[in-house]
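Peer 1: In my numbering, the protein residues as written are 8 to 335.
Where a beta carbon is used, it is the ideal one built from N, C-alpha and C, also for glycine.
My questions will all concern the structure given below.
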């Protein structure tokens, strides 16, 4: 709109100049207006950049505070669990000592029982009753001790589950921070694109040509050369619309080589760096298949379920369902 207003102001002056009606004062007025419009345009552009940077700073601070809060919560839970464990250990040690004392006492009573065998029957019956009573007490205490142990084990398992859940939240936050960094890069590229659209078109052509060369090499079956080309592409252009695809195909070169551990790591890079990429469902599925090849059915099953939950209408979801059915 500002460019239109500039043209609307300049065209009448040009017309006057052509017709020979413009004076030197008119020309100076026109130059002043053009200068003011250019200055305003630069000011608006700088304000837009500052606004983007401020927005990113606020979001980063928010995620940083949330991450700090989660870490404090984990530390607090771990400290509480340690204190509870120490208290239970002390309690168990005391109970164990008491049981040992009771056992020693019972052994003494058994020896006394032997001495009483030759005494009158009433005295013997009294000793038998006393031993039976002490035996029942020891059995009840032993049951209570076992129940206490089971309760402690359940609490320990619950704490481990909570720590794993918090780890998942931390990973999710890392993914969001990476996404925001990617968004900032895209915004900065968008601002730069306004200033150099011709240069951007040339760059896009170079990016597409470099990616196409690597992909055609992969299609020909030369996976080692294709991997090197995709890696070189990512070094030059880590944040383009084709970068997530390039990272995925690097994982594929290792998968086809049956180097499943490296394939899993490369797929994870794509999932972490490009959470909104076109190859997310494919990367999750292939990561699950790689774990299955390594015999890790637990991780494979979790990844297949993740594909089905996040991308229920995709071809990868259908494949994941079939794999889960064969694993039952």
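Do residue 237 and residue 267 come within 9 Å of each other at the CB atom, strictly closer than that value?
Peer 2: Position 260 of the chain shown, counted from the first residue, corresponds to residue 267. Position 230 of the chain shown, counted from the first residue, corresponds to residue 237. It is not a contact, given that the beta carbons lie outside the stated cut-off.
Peer 1: Work out the CA separation of residue 91 and residue 62 for me, nearest whole Å.
Peer 2: Indexing the chain shown from 1 puts residue 62 at position 55. Indexing the chain shown from 1 puts residue 91 at position 84. Cα to Cα, residue 62 sits roughly 44 Å from residue 91.
Peer 1: Where does residue 246 sit, in a helix, a strand or coil, going by DSSP?
Peer 2: Along the chain shown, one-based indexing puts residue 246 at 239. Residue 246: coil per DSSP, three-state reduction.
Peer 1: With DSSP as the reference, label residue 42 as helix, strand or coil.
Peer 2: Here residue 42 corresponds to residue number 35 of the chain shown, with the count starting at 1. Residue 42 falls in the helix class under three-state DSSP.
Peer 1: Straight-line CA distance for residue 290 to residue 278?
Peer 2: Mapped onto the chain shown, residue 290 falls at position 283. Mapped onto the chain shown, residue 278 falls at position 271. So the two alpha carbons sit approximately 7 Å from each other.
Peer 1: Which of the three DSSP states, helix, strand or coil, is assigned to residue 239?
Peer 2: As a first step, residue 239 must be located in the chain shown, where it is residue number 232. When secondary structure is reduced to three states using DSSP, residue 239 falls in the helix class.
Peer 1: Which residues mark the beginning and the end of the alpha helix (DSSP H) in which residue 274 is found?
Peer 2: Here residue 274 is taken as the residue at index 267 of the chain shown, counted from 1. Residues 267-280.
Peer 1: Identify, in the order they occur along the chain, each residue of the same chain with its Cβ nearer than 6 Å to the Cβ of residue 281, setting aside the five sequence neighbours on each side.
Peer 2: Locating residue 281 in the chain shown gives position 274, counting from the first residue. So the qualifying residues of the chain are 251.
Peer 1: Is it buried or exposed for residue 150, if we count other Cβ within 10 angstroms and need 16 for buried?
Peer 2: The residue given as residue 150 occupies position 143 in the chain shown. Answer is exposed; the Cβ neighbour count stays below 16.
Peer 1: Going by DSSP, what residue range makes up the alpha helix (DSSP H) through residue 229?
Peer 2: By 1-based counting over the chain shown, the position of residue 229 is 222. Run containing residue 229: none; DSSP gives neither H nor E here.
Peer 1: Is residue 248 near residue 293, with beta carbons less than 9 Å apart?
Peer 2: Along the chain shown, read from residue 1 onward, the residue named residue 248 stands at position 241. Along the chain shown, read from residue 1 onward, the residue named residue 293 stands at position 286. In this structure, residue 248 sits away from residue 293, with a CB-CB distance that is not shorter than 9 Å.
Peer 1: Residues in the same chain with beta-carbon distance under 6 Å from residue 255, minus the five sequence neighbours each way, listed in chain order, please.
Peer 2: Here residue 255 corresponds to residue number 248 of the chain shown, with the count starting at 1. The answer, listed in chain order, is 277, 286 and 290.
Peer 1: From which residue to which residue does the alpha helix (DSSP H) around residue 328 run?
Peer 2: Indexing the chain shown from 1 puts residue 328 at position 321. Start and end: 322-334.
Peer 1: At a cut-off of 8 Å, is residue 262 close to the ligand ZN when judged by its beta-carbon and the heavy atoms of the ligand?
Peer 2: What this structure holds is no ligand at all, so the ligand ZN is not there to describe.
Peer 1: What number of angstroms, rounded off, separates the C-alpha of residue 36 from the C-alpha of residue 215?
Peer 2: Within the chain shown, residue 36 is the residue found at index 29, counting from 1. Within the chain shown, residue 215 is the residue found at index 208, counting from 1. In this structure, the CA atom of residue 36 is about 47 Å from the CA atom of residue 215.
Peer 1: Distance, Cα to Cα, residue 231 vs residue 211?
Peer 2: On the chain shown, position 224 is the one that residue 231 refers to. On the chain shown, position 204 is the one that residue 211 refers to. Approximately 25 Å, taken between the alpha carbons.
Peer 1: Please classify residue 273: is it buried, with 16 or more other beta-carbons within 10 angstroms of its beta-carbon, or exposed?
Peer 2: Along the chain shown, one-based indexing puts residue 273 at 266. Flag for residue 273 reads buried.
Peer 1: Give a yes or no on whether the C-beta atoms belonging to residue 265 and residue 223 are separated by under 9 Å.
Peer 2: Sequence index remark: in the chain shown, residue 265 carries index 258 (1-based). Sequence index remark: in the chain shown, residue 223 carries index 216 (1-based). Not a contact, by the Cβ cut-off of 9 Å.
Peer 1: Output the boundary residues of the alpha helix (DSSP H) element that contains residue 30.
Peer 2: Within the chain shown, the letter at position 23 stands for residue 30. Premise fails: residue 30 is in no alpha helix (DSSP H) and is neither H nor E.
Peer 1: State buried or exposed for residue 34, treating a residue as buried only when at least 16 other CB atoms are found within 10 Å of its CB.
Peer 2: Walking along the chain shown from the start, residue 34 turns up at place 27. Label assigned to residue 34: exposed.
Peer 1: Given that a residue counts as buried once 16 or more other Cβ atoms are within 10 Å of its Cβ, and exposed if not, what is residue 42?
Peer 2: Translated into positions along the chain shown, residue 42 becomes position 35. Burial call: exposed.
Peer 1: What is the residue span of the alpha helix (DSSP H) that residue 295 lies within?
Peer 2: As a first step, residue 295 must be located in the chain shown, where it is residue number 288. Here the alpha helix (DSSP H) through residue 295 covers 287-300.
Peer 1: Once the 5 residues before and after residue 159 are set aside, which same chain residues still bring their CB inside 6 Å of it?
Peer 2: Here residue 159 is taken as the residue at index 152 of the chain shown, counted from 1. 95.
Peer 1: Beta carbon of residue 315, beta carbon of residue 307: below 9 Å?
Peer 2: Within the chain shown, residue 315 is the residue found at index 308, counting from 1. Within the chain shown, residue 307 is the residue found at index 300, counting from 1. Contact flag unset, no.
Peer 1: Determine the extent of the alpha helix (DSSP H) in which residue 312 is found, giving its start and end residues.
Peer 2: Taking the chain shown and counting its residues from 1, the one referred to as residue 312 is at position 305. Note, residue 312: alpha helix (DSSP H), 304-317.
Peer 1: Using the Cα positions of residue 260 and residue 229, report the straight-line distance between them to the nearest angstrom.
Peer 2: Your numbering for residue 260 matches position 253 in the chain shown. Your numbering for residue 229 matches position 222 in the chain shown. Cα to Cα, residue 260 sits roughly 9 Å from residue 229.
Peer 1: Taking Cβ positions, are residue 296 and residue 262 nearer each other than 9 Å?
Peer 2: The residue you call residue 296 lines up with position 289 of the chain shown. The residue you call residue 262 lines up with position 255 of the chain shown. It is a contact, given that the beta carbons lie within the stated cut-off.
Peer 1: Assign residue 149 to one of three DSSP states: helix, strand, or coil.
Peer 2: In the chain shown, residue 149 corresponds to position 142, counting from 1. Three-state DSSP puts residue 149 in a helix.
Peer 1: Would the beta-carbon of residue 141 fall within 9 Å of that of residue 116?
Peer 2: The count along the chain shown starts at 1 and reaches residue 141 at position 134. The count along the chain shown starts at 1 and reaches residue 116 at position 109. Closer than 9 Å, so yes.
Peer 1: Between residue 52 and residue 67, what straight-line distance do the alpha-carbon atoms span, to the nearest angstrom?
Peer 2: Start at 1 with the first residue of the chain shown, and residue 52 comes out as number 45. Start at 1 with the first residue of the chain shown, and residue 67 comes out as number 60. When the Cα atoms are used, residue 52 and residue 67 turn out to be separated by approximately 23 Å.
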